[in-house]
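Trainee: If you scroll down you'll find the structure; I have some questions about it.
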Amino acid sequence: MRLQPAQLQWNDRVMAEARKHRYTVFVPQRENQRGDDPSLILVRGPRVIMLWLRMGRRKPVPQVDRHREAGREAHAFWPADWPLFVRVLVMAPAPVGRLADRVQAQDGADGDDAA
Numbered sequence: 004m005r006l007q008p009a010q011l012q013w014n015d016r017v018m019a020e021a022r023k024h025r026y027t028v029f030v031p032q033r034e035n036q037r038g039d040d041p042s043l044i045l046v047r048g049p050r051v052i053m054l055w056l057r058m059g060r061r062k063p064v065p066q067v068d069r070h071r072e073a074g075r076e077a078h079a080f081w082p083a084d085w086p087l088f089v090r091v092l093v094m095a096p097a098p099v100g101r102l103a104d105r106v107q108a109q110d111g112a113d114g115d116d117a118a
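Listed below in structure tokens is the structure:
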């Protein structure tokens, strides 16, 4: 899959912030990338974080749940999730619910954007 300029800028912003926090960033090939592969893999010491970076409409990313079920730290982030992404980098790893649970918590139970 060929990434568009806005997607490349989003990836670059995330990589720069991760490097600022002393993570080593592994980037899968950008051209012909398989949809199931993470956008980035961040490593610092024993911590390995798999990231799926998305743009546009928020929808479930089932790959994240599959990796979490296997005991790996995996997250999907959209540009609006910037504060959450930075928090993940600086905080110790903690179990994070499925994306659907996070979206519901963010939007509120009735989707009114008030948790």
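Numbering-wise (this note's numbering), the sequence shown opens with residue 4 and increments by one. Here a beta-carbon is modelled for each residue, glycine too, at the ideal position from N, C-alpha and C.
1) Extract the residue ranges of the beta strand (DSSP E) inside the segment 42–107, only unbroken runs of 3 or more that lie entirely within it.
2) Going by CA-CA distance only, name the one from 30, 59, 76 and 61 that's closest to residue 67.
3) Roughly how many angstroms separate the alpha carbons of residue 61 and residue 48, rounded to a whole number?
4) Is the beta carbon of residue 28 closer than 8 angstroms to that of residue 45?
5) Taking residue 52 as the reference, which of 59, 80 and 8 has the closest Cα?
6) Within the same chain, show all residues whose beta-carbon is closer than 7 angstroms to that of residue 39, passing over the 5 residues directly before and after it, in chain order.
7) Please report the straight-line C-alpha distance between residue 82 and residue 95, rounded to a whole angstrom.
8) How would you label residue 11, buried or exposed, when you count the other beta carbons within 10 angstroms and need 16 or more for buried?
Mentor: In terms of the structure at hand:
1) 43–47, 50–56 and 76–80
2) When each option's Cα is compared against that of residue 67, the closest is 76.
3) 31 angstroms
4) yes
5) 80
6) 66
7) 22 angstroms
8) exposed
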